[in-house]
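In terms of our numbering, the sequence shown is numbered consecutively and its last residue is 497.
Written out below as structure tokens is the structure these notes cover.
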Amino acid sequence: MIKTAFSFAGGFVLVFLEAYIVLVFKGYHSIEFGGMRPFLNVWIMNFFLLFSIFTHIEMWRNEQGKTQRTTR
Numbered sequence: 426m427i428k429t430a431f432s433f434a435g436g437f438v439l440v441f442l443e444a445y446i447v448l449v450f451k452g453y454h455s456i457e458f459g460g461m462r463p464f465l466n467v468w469i470m471n472f473f474l475l476f477s478i479f480t481h482i483e484m485w486r487n488e489q490g491k492t493q494r495t496t497r
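Here it is as structure tokens:
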């Protein structure tokens, strides 16, 4: 549940971070997302990116805990 919440919030932040990077590099003054649908598509892609990263971190931490318990 926490992983999902952080992924949604982080995905929203990443949309604006990516837009800001485009603004700086290309010298634009504003960005048109093209409506609500393209904005949501980018947000959902960022959500799945962060969700998969958090899942791999969680799996890695669980694996590290198992190896530390067996080596003691």
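Even glycine gets a Cβ: it sits at the ideal position worked out from N, Cα and C.
Predicted model only: the values in this text are computed from it and were never measured.
Proximity to residue i [Cα-Cα], best of the options
| i | options | result |
| --- | --- | --- |
| A444 | S477, N471, I478 | N471 |
Short Cβ contact (8 Å threshold) for residue i with residue j
| i | j | result |
| --- | --- | --- |
| V440 | F479 | no |
Inter-residue spacing [alpha-carbon to alpha-carbon] between residue i and residue j
| i | j | result |
| --- | --- | --- |
| S432 | N466 | 14 Å |
| K428 | F437 | 14 Å |
| Q493 | K451 | 49 Å |
| G490 | G460 | 45 Å |
- Query: At a cut of 8 Å, does the region 480-488 reach the region 439-454 through at least three beta carbon pairs?
  - Reply: no
- Item | Unbroken stretches of the beta strand (DSSP E), 3 residues or longer, contained in the region 445-490 | none
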